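Working notes, beginning with the structure itself.
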Amino acid sequence: MTLTSKNIPQPQTKKKLALSVILSPWIVPLAIVGLWQIISSLKLVAPHILPAPTKIAATFWLLLANGELLNHLVVSGERVLVGFLLGASVGLVLGIVTGFSKLMQEIVDPSLQMLRTVPLLALIPLFILWFGVGEFGKVLMIALGAFFPIYVNVFLGIRLVNIQLYEVTGLLQYSFKKRLTTLIIPSAMPNILLGIRLALGASWLVLVVSEMMGTSAGLGYMIQDARAYSQTDIVFVGLVMFALLGKLSDSLVYTIERKVLKWQDTFKG
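Under my numbering, the first residue of the sequence shown carries the number 1273, and numbering increases by one thereafter.
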């Protein structure tokens, strides 16, 4: 088929497509905010129950200007980072160990699966009794929340490696290192990255709960303190911050996923 100007994407078309990709995710949130503002302006709901978006935005800038929001953000960010790294590291190691060893799977996996079914919220009283309301207990709860998504997906990713390809690498006398880098890691990478995305989401979720156990700083503390004084606008600021941070961390992993898994030829919708 001869290429013509009709077959070649024009620069203007590319710009429109890029603009569409950027703006499309914001259609629903902006529509919700617009409807919310209309409801607030018509006073259909009491301001102390559902403050207007403009009020929440004004409170956000006030908290940002006086440094209070930034202080809470830094404290929460440090807790999530340390807890996530701790939980992800242990989950990665145990996922690899149980994934490669049938014996370790039979010994370790049943206990971990039983522990996974215990709700994290049910562990709060126990964590307070064991570790008090200090930083260690909070970080450990976040680590526990991040651990299971990583562990399960790393284990599953290794076990989903094509057995025929694995046997071929044996016939070709690949070393364990070469087999790991050329077959096992690339095959397991979609599951590993999915585990990271889920673990980050769980880390932010557990952070809120852990910071309500008893602390003097953090986004969860800010929300709890605002609730006690019926400052609904500050509660919404905290919720919006969690939503933005969760989306930002998820988008970061998704961007890495798109670059790392470019070789995948899968249905894109």
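Beta carbons are placed, not taken as given, at the ideal position from N, Cα and C, and that holds for glycine. In this text the structure is predicted, and so the values were computed from the model without any measurement.
For residue i, collect the residues of the same chain with a Cβ closer than 8 Å to its Cβ; drop the 5 residues on either side in sequence, then sort them by chain order.
| i | result |
| --- | --- |
| G1355 | K1410, V1411, L1412, M1413, I1414, A1415, G1417, A1418, S1475, V1478, L1479 |
| E1407 | R1351 |
| R1530 | none |
| Q1309 | A1324, P1325, T1326 |
| F1399 | G1409, L1412, M1413, M1485 |
| V1532 | M1461, L1465 |
| V1525 | L1465, I1468, R1469, L1472 |
| P1458 | W1535 |
| L1395 | M1413, L1416 |
Give a yes or no on whether the C-beta atoms belonging to residue i and residue j are separated by under 8 Å.
| i | j | result |
| --- | --- | --- |
| V1433 | G1363 | no |
| L1384 | Y1423 | yes |
| L1342 | L1334 | no |
| D1381 | T1389 | no |
| G1473 | M1494 | no |
| R1451 | D1522 | no |
| E1439 | S1348 | no |
| L1345 | M1485 | no |
| L1455 | T1441 | yes |
| F1508 | I1328 | yes |
Only counting the same chain, and skipping five residues up and downstream in sequence, which positions put a Cβ closer than 6 Å to that of residue i?
| i | result |
| --- | --- |
| L1275 | With a pLDDT of only 48 at L1275, under 50, the local geometry of the prediction cannot be trusted, and the value read off the model is given with reservation. Excluding residues within five positions, none has a Cβ falling inside 6 Å. |
| L1357 | none |
| F1403 | G1409 |
| S1312 | A1324 |
| Y1446 | none |
Less than 8 Å between the CB atoms is what I'm expecting for residue i and residue j, so what's the real figure, rounded?
| i | j | result |
| --- | --- | --- |
| A1498 | I1506 | 4 Å |
| P1421 | G1467 | 5 Å |
| I1430 | I1368 | 7 Å |
| G1359 | A1471 | 7 Å |
Sorted by chain position, which residues of the same chain lie with C-beta nearer than 7 Å to residue i's C-beta, five sequence neighbours on each side aside?
| i | result |
| --- | --- |
| L1393 | V1481 |
| T1453 | none |
| T1331 | D1505, I1506, V1509 |
| L1517 | W1476 |
| Q1377 | T1370 |
| M1386 | none |
Legend entry - 4-residue-minimum alpha helix (DSSP H) runs that sit fully inside the region 1354-1439, ordered along the chain: As far as the region 1354-1439 is concerned, its whole alpha helix (DSSP H) runs of at least 4 residues are 1374-1388, 1396-1403, 1407-1431.
Inset, instruction - Run through the region 1302-1349 for me and flag every whole alpha helix (DSSP H) of 4 or more residues, listed as ranges in chain order. - result: With a minimum length of 4 residues, the continuous alpha helix (DSSP H) runs that stay inside the region 1302-1349 are 1325-1337.
Inset, instruction - Take every Cβ of the region 1462-1470, pair it with every Cβ of the region 1482-1491, and state whether three or more of those distances are shorter than 8 Å. - result: Segments in contact, no.
Inset, instruction - Would you check if there are 3 or more beta carbon pairs closer than 8 Å linking the region 1497-1505 to the region 1320-1335? - result: Result yes; three or more Cβ-Cβ pairs closer than 8 Å.
Inset, instruction - Could I get the ranges of all uninterrupted alpha helix (DSSP H) runs contained in the region 1452-1522, with 4 residues as the minimum, in chain order? - result: As far as the region 1452-1522 is concerned, its whole alpha helix (DSSP H) runs of at least 4 residues are 1457-1483, 1491-1500.
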